[in-house]
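Asker: There's a structure below that I have some questions on.
Numbering (the working numbering), first residue to last: 1 to 352.
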């Protein structure tokens with residue numbers, strides 16, 4: 001394989017970027033908002049963003065809901081145009097935007113001048129962005145800017161959003177810090193063999209008639225981002241869907257030549273994923289299993305497994321995205337595209 005292009009270099013730089021973000025994350029900056037939250041100043045948390053920034057908040061949103069916090073995850077454009085009534089002086093608005101200046105985010109900041117919220121919390125990569133300047137607290141991603149597809153910024157969003165959610169809850173962070181640090185090591189070890197992984201993934205996937213990415217729980221961050229990455233980086237259409245929803249209609253479409261990537265996910269719902277995997281095998285399609293758990297599921301044959309990094313706990317969603325990124329490299333190259341090179345869009349979407 002030739003010298004890595006800019007997109008592959010961005011993929012390979014993710015472990016270092018993650019370590020930098022973890023070193024620089026300061027939970028003390030969230031303390032004033034966390035104290036107000038604990039004192040009952042807010043009756044809801046609205047989490048919003050666009051694209052990979054929104055998807056990267058999914059595991060953090062689950063942490064909040066599992067703690068019985070009234071939190072909603074709302075698409076930024078829908079919040080802007082259809083659900084503004086969710087915003088009031090008792091709303092903690094949490095906005096995630098890697099650039100901090102995409103069209104919907106800038107428009108939402110204008111709305112907030114007339115519809116003030118209780119507090120504005122930001123996760124962004126640019127401390128000089130409109131979002132960072134307008135926020136009460138800005139959690140910075142500390143990632144070098146990317147030229148195209150989100151890699152470092154997405155990975156750091158997954159990590160720091162989870163830490164920020166725990167900080168808001170007043171929960172201890174050290175064990176999660178430890179899991180994320182060990183995850184950086186696991187990601188680095190995996191990427192040392194990236195060329196072999198691309199070849200192995202290519203041998204498993206071939207040239208699919210169609211591609212679907214299916215998962216549950218925290219893995220939904222990568223269901224949506226993984227499909228998005230195939231479309232952005234490889235110009236290959238991919239369906240993103242909750243695995244349970246896939247049985248409610250789309251299963252009717254499967255046929256030989258189709259590929260489904262099943263994210264094994266957390267232990268609680270892994271049996272459901274195994275059942276779907278088995279059913280897809282019986283339909284003579286090509287389901288592939290993506291599992292980052294060190295305790296591998298023995299019921300899945302080795303020839304159906306995508307090579308994946310081994311990561312613990314909170315690192316699960318961070319590990320899942322890497323094989324999907326490498327899948328996009330293979331699909332781009334097999335289609336004659338330069339991986340990650342945009343044709344029509346820009347890194348930052350500046351108008352709706």
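Ideal placement from N, C-alpha and C gives every residue a C-beta, glycine not left out. As the structure is a prediction and not an experimental result, all values here were calculated from the model.
Going by beta-carbon coordinates alone, are residue 140 and residue 118 separated by less than 7 Å?
Answerer: No, these two residues do not count as a Cβ contact at 7 Å.
Asker: By the three-class DSSP mapping on this structure, what secondary structure does residue 215 have?
Answerer: Looking at residue 215 - three-state DSSP - the assignment turns out to be strand.
Asker: Enumerated in chain order, which unbroken segments of the alpha helix (DSSP H) with a length of 4 residues or greater are wholly contained in the region 62-100?
Answerer: Fully enclosed alpha helix (DSSP H) runs of 4 or longer: 76-81.
Asker: Going by DSSP, name the residue or residues bridged to residue 260.
Answerer: Beta-bridge pairing links residue 260 to 212 and 287.
Asker: Please classify residue 48: does DSSP put it in a helix, a strand, or coil?
Answerer: Note: residue 48 maps to strand in three-state DSSP.
Asker: Return the chain-ordered ranges of every beta strand (DSSP E) run that is complete within the region 168-235 and spans a minimum of 3 residues.
Answerer: 210-215, all fully within the region 168-235.
Asker: Around the Cβ of residue 43, are there at least 16 other Cβ atoms within 10 angstroms (buried) or fewer (exposed)?
Answerer: Label assigned to residue 43: exposed.
Asker: Is the distance from the Cβ of residue 17 to the Cβ of residue 143 below 7 Å?
Answerer: Yes, these two residues count as a Cβ contact at 7 Å.
Asker: In the structure shown, what three-state DSSP assignment does residue 124 receive?
Answerer: DSSP places residue 124 in strand when its eight states are reduced to three.
Asker: Between which two residues does the beta strand (DSSP E) containing residue 28 stretch?
Answerer: Neither: residue 28 is in no beta strand (DSSP E) and is coded neither H nor E.
Asker: Do we get a CB-CB distance below 7 Å when we pair residue 272 with the residues of chain D?
Answerer: The structure shown contains no chain D; it is built from a single protein chain.
Asker: Please report the residue range of the beta strand (DSSP E) in which residue 140 lies.
Answerer: Per DSSP, residue 140 belongs to the beta strand (DSSP E) from 137-140.
Asker: If we count the other Cβ atoms within 10 Å of its Cβ and call it buried at 16 or more, is residue 301 buried or exposed?
Answerer: Residue 301 comes out exposed.
Asker: Below 7 Å CB to CB, which residues in the same chain sit around residue 292 once its five sequence neighbours on both sides are set aside?
Answerer: Excluding positions up to five away in sequence, the list reads 308, 309, 310, 311, 316, 319 and 320.
Asker: Give the DSSP-derived three-state secondary structure of residue 332 in the structure shown.
Answerer: The answer is helix: DSSP assigns residue 332 an H, G or I state.
Asker: Could you check where the beta strand (DSSP E) with residue 239 kicks off and where it finishes?
Answerer: Run containing residue 239: 239-242, per the beta strand (DSSP E) assignment.
Asker: Taking the alpha-carbon positions, what's the residue 232 to residue 75 distance?
Answerer: Their Cα atoms are separated by approximately 19 Å.
Asker: In the DSSP assignment, find the unbroken alpha helix (DSSP H) run with residue 310 in it and report its ends.
Answerer: That residue, residue 310, is in no alpha helix (DSSP H); it is neither H nor E in DSSP.
Asker: If I'm right that residue 131 touches residue 97 with Cβ under 8 Å, what's the distance once you round it to whole angstroms?
Answerer: 5 Å between Cβ atoms; contact.
Asker: Determine the contact status of residue 205 and residue 328, defining contact as a CB-CB distance below 7 Å.
Answerer: For residue 205 and residue 328, no; Cβs fall outside 7 Å.
Asker: Say whether the region 9-28 touches the region 157-175, bearing in mind that this needs 3 or more beta-carbon pairs closer than 8 Å, one atom from each stretch.
Answerer: Judged by Cβ distances under 8 Å, the region 9-28 makes contact with the region 157-175, as three or more pairs qualify.
Asker: Quick check: the region 2-15 against the region 109-128, are at least 3 beta-carbon pairs closer than 8 Å?
Answerer: The region 109-128 is not in contact with the region 2-15.
Asker: Over the uninterrupted alpha helix (DSSP H) stretch that includes residue 6, give me the two end residues.
Answerer: Looking at the DSSP string, the run of the alpha helix (DSSP H) that includes residue 6 is 6-12.
Asker: Do residue 86 and residue 47 come within 7 Å of each other at the CB atom, strictly closer than that value?
Answerer: The answer is no: Cβ separation not under 7 Å.
Asker: Is residue 57 helix, strand or coil when you go by DSSP?
Answerer: It is coil, neither helix nor strand.
Asker: In the DSSP assignment, find the unbroken alpha helix (DSSP H) run with residue 105 in it and report its ends.
Answerer: Residues 103-112.
Asker: Ignore the nearest five residues each way along the sequence and tell me which others in residue 73's own chain have a CB closer than 6 Å to its CB.
Answerer: Excluding positions up to five away in sequence, the list reads 47 and 61.
Asker: Should the region 272-286 be called in touch with the region 148-155, which here means at least 3 C-beta pairs below 8 Å?
Answerer: With a cut-off of 8 Å, the region 148-155 and the region 272-286 do not count as touching, because too few Cβ pairs lie within range.
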